[in-house]
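Engineer: My questions will all concern the structure given below.
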């Protein structure tokens, strides 16, 4: 033992440092792998519960779940607990300053039944604050900065997060693609993202699709049917959808959890193909698949060459009676790739 200890002491410092770095690298790799696994599970559960998570919140929840796992809690249980705690905090923040209770919470102290939030001040001042919140929430959000300069009270209302969305979108570029019907040389707030709670944005060639927390799909920019002059072979056989300068709802789609379209990079340097249109697809919560747009090489899975409006694919109709349920889908230039689960628990990857 003494000899071994002596040999250990005589080992070169670079060799010892190399071993320590290798051990640290292995440990960090395991930590990162666990973080990816936790983040994916949190994102899936948040999507199922229709909870919108900011990057900061997602990191905080990931750390909380990792801590729970160290204490022996199961992954599903830890994620459910973390999301439930976050939703309680979210509701508490939204309720703050929204219920008029001039009693100063005396009712709750006496009965323990009512849980009204008191205002920041008492008497008529509290009503004044609440009225300002209602007025500010009805005004365009980009006016908030100017209004905050009026006085301390207005500054307090402008800083109150209770009436503001957690996520907003900015747009810039030509008038035909911004969703504002006007050209924007610099990023500009998209009022649509304040009025509707946006969950994700998907970009096609000069077009944008917005998926909301309610499962609706909106579109603005160039049409998926392309230009009529570029589709002479289809004139008289299909309906060409006009471009949309401002966000336009797709009424055929509801309860959507995923949207995909042909990425714009495919059209670089291919002006003729760009004018032909592009492919789009959407997956609903029930596992149904909808496709629309130009069907390159029968990529619309059985639909004709041009699908002017979102149409359900017969094979993937979703619902309890369906044998296959689509989970994810993505569009290329001439194909749509699908990942689906069968009713017997099997997995399937296919495309058109």
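Numbering (the numbering used here), first residue to last: 1 to 352.
Positions of the beta carbon are idealized from the N, C-alpha and C atoms, including for glycine.
Note that the structure is predicted; figures quoted are calculated from it, not measured.
(1) Are there 16 or more other CB atoms within 10 angstroms of the CB of residue 222, so buried, or fewer, so exposed?
(2) Whole angstroms is fine: what's the gap from residue 322's alpha carbon to residue 284's?
(3) So residue 254 and residue 216 are supposed to be a Cβ contact under 8 Å. How far apart are they, rounded?
(4) For residue 333, which beta-bridge partners are listed by DSSP?
(5) Going by beta-carbon coordinates alone, are residue 83 and residue 75 separated by less than 8 Å?
(6) With a Cβ-Cβ cutoff of 8 Å, do residue 201 and residue 169 count as a contact?
(7) Since residue 146 is in the alpha helix (DSSP H), which residue starts that stretch and which ends it?
(8) Taking the beta carbon of residue 112 as the centre, do at least 16 other beta carbons fall within 10 Å, making it buried, or is it exposed?
(9) Between the Cα of residue 63 and the Cα atoms of 86, 49, 279 and 160, which residue gives the shortest distance?
(10) Going by Cα to Cα distance, which pick from 249, 251 and 277 is closest to residue 262?
(11) Could you check what DSSP says for residue 71 in three-state terms: helix, strand or coil?
(12) Quick check: the Cα distance between residue 11 and residue 29, rounded to an integer number of angstroms?
(13) Ordered along the chain, which non-local residues of its own chain (more than five positions away) have a Cβ less than 7 Å from that of residue 328?
(14) Could you name the residues that DSSP lists as bridge partners for residue 294?
(15) Identify which residue in 77, 286 and 128 has its Cα closest to the Cα of residue 154.
(16) If I follow the unbroken alpha helix (DSSP H) through residue 14, where does it start and stop?
(17) Return the first residue and the last residue of the beta strand (DSSP E) that residue 279 is part of.
(18) Counting C-beta neighbours from all protein chains within 10 Å, is the total for residue 19 16 or more, i.e. buried, or is it exposed?
(19) Suppose you measure from the CA of residue 333 to the CA of residue 279; what does that come to, to the nearest Å?
(20) Can you tell which of 141, 288, 266 and 173 has the C-alpha that lies nearest to the C-alpha of residue 220?
(21) Check each candidate in 91, 291 and 61 and name the one with the smallest Cα separation from residue 81.
(22) Could you spell out where the alpha helix (DSSP H) holding residue 158 opens and where it closes?
(23) Comparing C-alpha positions only, which one of 281, 171, 183 and 251 sits nearest to residue 224?
(24) Given this structure, state the Cα-to-Cα distance separating residue 13 from residue 190, to the nearest angstrom.
(25) With a 10 Å radius around its C-beta and 16 neighbouring C-beta atoms as the bar for buried, classify residue 134 as buried or exposed.
(26) Quick check on residue 336: buried or exposed, where buried means 16 or more other Cβ atoms within 10 Å of its Cβ?
(27) Nearest by alpha-carbon distance to residue 193: which of 342, 248 and 157 is it?
(28) In its own chain, which residues sit with a C-beta less than 8 Å from the C-beta of residue 308, not counting the 5 before and 5 after it?
(29) Please list the terminal residues of the continuous alpha helix (DSSP H) segment that includes residue 209.
(30) When you compare only the Cα positions, how much space is there between residue 137 and residue 161?
(31) Give the secondary structure of residue 191 by DSSP, where H, G and I count as helix, E and B as strand, and everything else as coil.
(32) Span of the beta strand (DSSP E) holding residue 315?
(33) For residue 130, decide whether its Cβ has a neighbour in chain D, counting only Cβ atoms nearer than 8 Å.
Structural biologist: A quick look at the data gives this:
(1) Sequence index remark: in the chain shown, residue 222 carries index 222 (1-based). Answer is buried; the Cβ neighbour count reaches 16.
(2) As a position in the chain shown, residue 322 is number 322, starting the count at 1. As a position in the chain shown, residue 284 is number 284, starting the count at 1. So the alpha carbons of these two residues sit roughly 13 Å apart.
(3) Position 254 of the chain shown, counting from 1, holds the residue named residue 254. Position 216 of the chain shown, counting from 1, holds the residue named residue 216. Right, the Cβ-Cβ distance comes to about 7 Å (below 8 Å), so this counts as a contact.
(4) Position 333 of the chain shown, counted from the first residue, corresponds to residue 333. None, per the DSSP bridge assignment.
(5) As a first step, residue 83 must be located in the chain shown, where it is residue number 83. As a first step, residue 75 must be located in the chain shown, where it is residue number 75. Contact: no.
(6) Taking the chain shown and counting its residues from 1, the one referred to as residue 201 is at position 201. Taking the chain shown and counting its residues from 1, the one referred to as residue 169 is at position 169. Yes. Within cutoff.
(7) Residue numbering aside, residue 146 sits at position 146 when the chain shown is read from its first letter. It spans 144-147 - the alpha helix (DSSP H) in which residue 146 sits, taken as one unbroken run.
(8) As a working note, residue 112 is residue 112 in the chain shown. In this prediction, residue 112 scores a pLDDT of 40, lower than 50, which makes its location untrustworthy; no coordinate-derived value is stated.
(9) Position 63 of the chain shown holds residue 63. Looking at the Cα atoms, 86 is the closest of the given residues.
(10) One-based indexing of the chain shown puts residue 262 at position 262. Considering only alpha carbons, the answer is 277.
(11) Counting from one through the chain shown, the residue named residue 71 turns up at place 71. Of the three classes helix, strand and coil, the one that applies to residue 71 here is coil, per DSSP.
(12) As a first step, residue 11 must be located in the chain shown, where it is residue number 11. As a first step, residue 29 must be located in the chain shown, where it is residue number 29. Rounded to whole angstroms, residue 11 to residue 29 spans 27 Å at the Cα level.
(13) Locating residue 328 in the chain shown gives position 328, counting from the first residue. Closer than 7 Å at Cβ, skipping near neighbours: 258, 283 and 339.
(14) Taking the first residue of the chain shown as 1, we reach residue 294 at position 294. As a beta-bridge residue in DSSP terms, residue 294 pairs with 306.
(15) Residue mapping note: residue 154 aligns to position 154 of the chain shown, counting from 1. It is 128.
(16) Position 14 of the chain shown holds residue 14. Judged by DSSP secondary structure, residue 14 falls within the alpha helix (DSSP H) whose first and last residues are 13-48.
(17) Your numbering for residue 279 matches position 279 in the chain shown. Residue 279: member of the beta strand (DSSP E) spanning 279-284, first to last residue.
(18) Taking the chain shown and counting its residues from 1, the one referred to as residue 19 is at position 19. Classification of residue 19: exposed, given that the 10 Å Cβ count is below 16.
(19) Working through the chain shown from its first residue, we reach residue 333 at position 333. Working through the chain shown from its first residue, we reach residue 279 at position 279. About 8 Å.
(20) Translated into positions along the chain shown, residue 220 becomes position 220. Measuring from the Cα of residue 220, the nearest candidate turns out to be 173.
(21) Here the question's residue 81 lines up with position 81 in the chain shown. Sorting 91, 291 and 61 by C-alpha distance to the C-alpha of residue 81 places 61 at the top.
(22) For the purposes of this step, residue 158 is identified with residue 158 of the chain shown, where counting begins at 1. Element bounds for residue 158: 152-159.
(23) As a working note, residue 224 is residue 224 in the chain shown. Its Cα nearest to that of residue 224, the residue 281 stands out among 281, 171, 183 and 251.
(24) As a working mapping, residue 13 is identified with position 13 in the chain shown. As a working mapping, residue 190 is identified with position 190 in the chain shown. Residue 13 and residue 190: Cα-Cα distance of roughly 58 Å.
(25) As a working note, residue 134 is residue 134 in the chain shown. With fewer than 16 Cβ atoms within 10 Å of its Cβ, residue 134 is classed as exposed.
(26) To locate residue 336, count along the chain shown from 1; it is residue 336. When all chains shown are included, residue 336 counts as buried.
(27) Working through the chain shown from its first residue, we reach residue 193 at position 193. It is 248 whose Cα lies nearest to the Cα of residue 193.
(28) Locating residue 308 in the chain shown gives position 308, counting from the first residue. Cβ neighbours of residue 308 beyond the five flanking positions: 225, 238, 239, 240, 241 and 292.
(29) Here residue 209 refers to the residue found at position 209 when the chain shown is read from its first residue. That residue, residue 209, is in no alpha helix (DSSP H); its beta strand (DSSP E) goes 207-212.
(30) Translated into the one-based positions of the chain shown, residue 137 becomes position 137. Translated into the one-based positions of the chain shown, residue 161 becomes position 161. Straight-line Cα distance between these residues: approximately 10 Å.
(31) Position 191 of the chain shown, counted from the first residue, corresponds to residue 191. In this structure, DSSP gives residue 191 a state outside helix and strand, which the three-state scheme calls coil.
(32) In the chain shown, the residue the question calls residue 315 occupies position 315. For residue 315, there is no enclosing beta strand (DSSP E), since its DSSP letter is neither H nor E.
(33) The structure shown contains no chain D, having only a single protein chain.
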